[in-house]
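Mapping of the sequence shown onto our numbering: position 42 corresponds to residue 41, and the numbering continues sequentially without gaps. A short write-up of the structure that comes next.
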Amino acid sequence: MALPVLLGVLLWRIGNRPHALVSRLLVVAVLAYGVVFVTHAQWILRGR
């Protein structure tokens, strides 16, 4: 899933959840996306 879409969904849910929880989910989502992006980039570079 694209990062902007994921962030949009999390921001949309702010009204339904405590801000602290949303902030934690946002940080976890960004970190997870970063790890996946780096891993995918390394996999592509190794393939060439």
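C-beta atoms are modelled at their ideal positions from N, C-alpha and C, and glycine is treated no differently.
- Message: Taking the alpha helix (DSSP H) that Ala-1 belongs to, which residues open and close that run?
- Response: No alpha helix (DSSP H) holds Ala-1; DSSP gives it neither H nor E.
- Task: Work out the CA separation of Trp-42 and Leu-24 for me, nearest whole Å.
- Result: 27 angstroms
- Item | Beta-carbon separation (whole angstroms), Leu-2 vs Tyr-32, contact threshold 8 angstroms | 5 angstroms
- How close, in whole Å, do the beta carbons of Leu-44 and Ala-28 come, if the pair is a contact with beta carbons under 8 angstroms? So it is not a contact: roughly 25 angstroms between Cβ atoms.
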